[in-house]
Each structure stands twice: as structure tokens, then as C-alpha cells.
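Structure first, then comments.
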Amino acid sequence: MLFNKPKKFTREELEEAASLAGDHFKRTRTEAESDIADYYNSVFDHAYDEIEHILASTNQLQDFESMAARLFGDGYLDTLRYMERPTLSADDFKKLSATNTDARSKLSQPENAALAMEYLLRNLNTRIFPWFDRGAAPTDSDLNAAKHAVAALVADQKTKTMLRNRQSHTQEEAVREALIRDAGFTMVKAHDFRMITQGPKPGEVFHKETSIDGVKADVVFGLYDGRIMALECKGSNTAVNSYKRLNHETVDKIVKWNNMFGSNGIVGGCVLQGVFAVDNLLSAQQAGVAIFWSASLQELTDYALNTKQ
Numbered sequence: 069m070l071f072n073k074p075k076k077f078t079r080e081e082l083e084e085a086a087s088l089a090g091d092h093f094k095r096t097r098t099e100a101e102s103d104i105a106d107y108y109n110s111v112f113d114h115a116y117d118e119i120e121h122i123l124a125s126t127n128q129l130q131d132f133e134s135m136a137a138r139l140f141g142d143g144y145l146d147t148l149r150y151m152e153r154p155t156l157s158a159d160d161f162k163k164l165s166a167t168n169t170d171a172r173s174k175l176s177q178p179e180n181a182a183l184a185m186e187y188l189l190r191n192l193n194t195r196i197f198p199w200f201d202r203g204a205a206p207t208d209s210d211l212n213a214a215k216h217a218v219a220a221l222v223a224d225q226k227t228k229t230m231l232r233n234r235q236s237h238t239q240e241e242a243v244r245e246a247l248i249r250d251a252g253f254t255m256v257k258a259h260d261f262r263m264i265t266q267g268p269k270p271g272e273v274f275h276k277e278t279s280i281d282g283v284k285a286d287v288v289f290g291l292y293d294g295r296i297m298a299l300e301c302k303g304s305n306t307a308v309n310s311y312k313r314l315n316h317e318t319v320d321k322i323v324k325w326n327n328m329f330g331s332n333g334i335v336g337g338c339v340l341q342g343v344f345a346v347d348n349l350l351s352a353q354q355a356g357v358a359i360f361w362s363a364s365l366q367e368l369t370d371y372a373l374n375t376k377q
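The numbering of the sequence shown is my numbering, which starts it at 69 and goes up by one.
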């Protein structure tokens, strides 16, 4: 049986599509600037209040060690992580502090509190808290600068994380909605599967991300000819970042799926949004990745409809 394959684009077509996607990215980010600023300011203010409390309750860090259990028990770990050099994720904290936990109830226990605080003190950012090494009381200027620095670090990281998560969720939902609205698909409850026969039936799209033989896919649906299409939704803010998002993360998954099921079992592709280098697009396409764009989902729905023939 001859299957309808996704279109392969020329360099010129990819250049045009990438240019349109870049313009769309800039336009949507510009339109969202007010909401982004509100979110950033809200996170900043909350973090400022928390670092202010941490400094006040520890006598400007002089009693930092003795207050460890209470600070952890009261839920201040999130802000404490941004007082470090460098800042660290919750997962990194669990490993590097040797506590293997970020739970309040466990960190407030004396043994874990001591381990965690030993790590935090050893890596405290003394450029933000210069008085700590001086062994002298901080000036008002020191305290003001430290509060603003930590609050800015927290707000910056959390705003970037929010944007990535929101973009990914919005992108995936837009793909599902387009398939339902324009290609006649029906949404069904998602489940992990290891065999093609266990996947979505023709005309079905899973309601959330799914693991296919241990490899996660963002959007999974059954094409009308019996094959399964697995899509990765990827956003990129820069051409350099596009290599990681597309050529590393997405290509690796699609190669695995093709090795598992063959290209006539699963059609692997991506839906892209943002800034992507044309050379990276060509490389991914040559590796077997079907390329679609969030700014033009009709190309995806047209392809899905054509598998009825």
C-alpha cells in the first residue's frame, strides 16, 4: 500500500516559512508584553517579601544556621535557592545538598535541615550578600541591593518558565482543536501504548501527551489510513536554541519511533513556533521529520484529510 507522505520543503520554502514564523513570534510576544510584565511584577513582589522576611528573621543572616529548620518548614526553600552561587533548581538542590528531598516536613527535621543549610552556607552568593564574609552588619544599601537582586533572579526565572509552559500548552491545544475542527477528528482519552494496534484509531486524537513505547509525544492521533501520527510541539526564541529543540530533542524521538515501528507505522513530525535556523530545518527534514508550523495549521489538517484517499 502506498501511503500519503508529508510534504518535503525546499530551502526557499523553509526560508519563507521560518521568516513568517519569526514575525508571528515577535507579534504575539509584543501583544503579550503587558500580561508578561504583570506576571513578572507579581512574582518579584512576592519574592521581595520572602527575602525581606528571611533577612529579618535571621538577623541579616547572622542567625541563618540556627533558623534553618523553621525557614524550611515555613516553605522558604524556593527563595533560598536563589540566594546561591549559582542559583539552582529544586532537583539540583536535592542532589547537591545530600538531603534527597525538597519537602517541607522532611527538611524541617534537624538532620536534613543541617545538611541543607551546610550546602546553602557554603554556596551563598556573597556578591549579593557581601557583609556575610566581612563579619560586619550590613548597611541599608547592602540590604536594599540584596533584596532587589534576589527578587529579580526569582522573577526572571519564573517568568521564563511560565512563558515556556504556556507556549507549549497553547501550542498543543491549538493542534488538537484544529484537527477536530478542520479534519473531523474526535478527541479521546489518552493512554500510553507499545503497539500500533493499541494507539488511537483512525480519526481519533489523544487529549494529552502520550508515551509511545516509553518515548513521550506531545500530540498523538490516528491518521485515516491506519497509521499513527506523533507530533512534537516546539518553540524556540533564537536560531541557536532551535538546534536543541528540533535537531536534538525531536529528531532523536522520531528516529526511535521509526526504528520501533517503521515509517509506515508512525509518521513523526513537529509543529514549530518561533525562531528556527533554516539549516536546522533542512537537517531535521532529511532525518525524516515532517515539518508543520503553528502559524499555518491548515497544512497539517490538509495532510490529515488527504490520508482518507
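Each residue gets a CB set at the ideal place from its N, CA and C atoms; glycine is no exception.
Identify whether residue i lies in helix, strand or coil by the three-state DSSP scheme.
| i | result |
| --- | --- |
| residue 357 | coil |
| residue 252 | coil |
| residue 334 | strand |
| residue 203 | coil |
| residue 339 | strand |
| residue 362 | coil |
| residue 134 | coil |
| residue 192 | strand |
| residue 452 | Summary: the structure shown does not reach residue 452, with the chain confined to residues 69 through 377, and so no result is reported for it. |
| residue 321 | helix |
| residue 376 | coil |
Give the single residue among the options whose Cα lies nearest to the Cα of residue i.
| i | options | result |
| --- | --- | --- |
| residue 180 | 204, 140 and 83 | 140 |
| residue 303 | 342, 226, 88 and 77 | 342 |
| residue 306 | 71, 76, 94 and 72 | 94 |
| residue 273 | 335, 289, 194 and 285 | 289 |
| residue 127 | 358, 207 and 370 | 207 |
| residue 275 | 191, 214, 244 and 239 | 244 |
| residue 269 | 279, 292, 250 and 259 | 292 |
| residue 192 | 74, 154 and 348 | 154 |
| residue 79 | 351, 374 and 375 | 351 |
| residue 73 | 219, 125 and 356 | 356 |
| residue 328 | 353, 316 and 282 | 282 |
| residue 136 | 165, 152, 251 and 185 | 185 |
| residue 115 | 344, 219 and 168 | 219 |
| residue 423 | 354, 375, 374 and 362 | Because the chain here runs from 69 to 377, residue 423 falls outside it and cannot be looked at. |
| residue 225 | 107, 209 and 103 | 107 |
| residue 121 | 277, 199, 145 and 198 | 145 |
| residue 301 | 285, 308, 254 and 294 | 285 |
| residue 173 | 138, 308, 152 and 205 | 138 |
| residue 256 | 109, 287 and 231 | 287 |
Would you mind giving the Cβ-Cβ distance between residue i and residue j, rounded to the nearest angstrom? I have them listed as a contact below 8 Å.
| i | j | result |
| --- | --- | --- |
| residue 333 | residue 264 | 5 Å |
| residue 188 | residue 148 | 6 Å |
| residue 248 | residue 267 | Residue 248 to residue 267, Cβ: 18 Å. No contact. |
| residue 57 | residue 223 | Past the edges of the chain, shown from 69 to 377, lies residue 57, and the structure says nothing about it. |
| residue 369 | residue 246 | 5 Å |
| residue 314 | residue 344 | 6 Å |
Can you give me the C-alpha to C-alpha distance between residue i and residue j, rounded to a whole angstrom?
| i | j | result |
| --- | --- | --- |
| residue 157 | residue 377 | 50 Å |
| residue 261 | residue 349 | 29 Å |
| residue 340 | residue 239 | 9 Å |
| residue 228 | residue 105 | 12 Å |
| residue 212 | residue 196 | 10 Å |
| residue 365 | residue 359 | 11 Å |
| residue 372 | residue 271 | 9 Å |
| residue 440 | residue 117 | Any question about residue 440 goes unanswered here, given that the chain covers just 69 to 377. |
| residue 168 | residue 175 | 10 Å |
| residue 367 | residue 190 | 55 Å |
| residue 362 | residue 278 | 20 Å |
| residue 217 | residue 198 | 12 Å |
| residue 311 | residue 321 | 14 Å |
| residue 375 | residue 325 | 20 Å |
| residue 194 | residue 201 | 7 Å |
| residue 162 | residue 134 | 20 Å |
| residue 319 | residue 330 | 15 Å |
- prompt: Mind pulling the alpha helix (DSSP H) runs of 4 or more residues that sit fully within the region 138-185?
  reply: 145-148, 158-164 and 172-175
Q.
Could you tell me which whole beta strand (DSSP E) segments of length 3 or greater appear in the region 219-299?
A. 254-256, 272-274, 278-280, 283-285 and 287-290
Quick check on the DSSP output: what are the complete alpha helix (DSSP H) runs of length 4 or more inside the region 79-105, in order along the chain?
79-99
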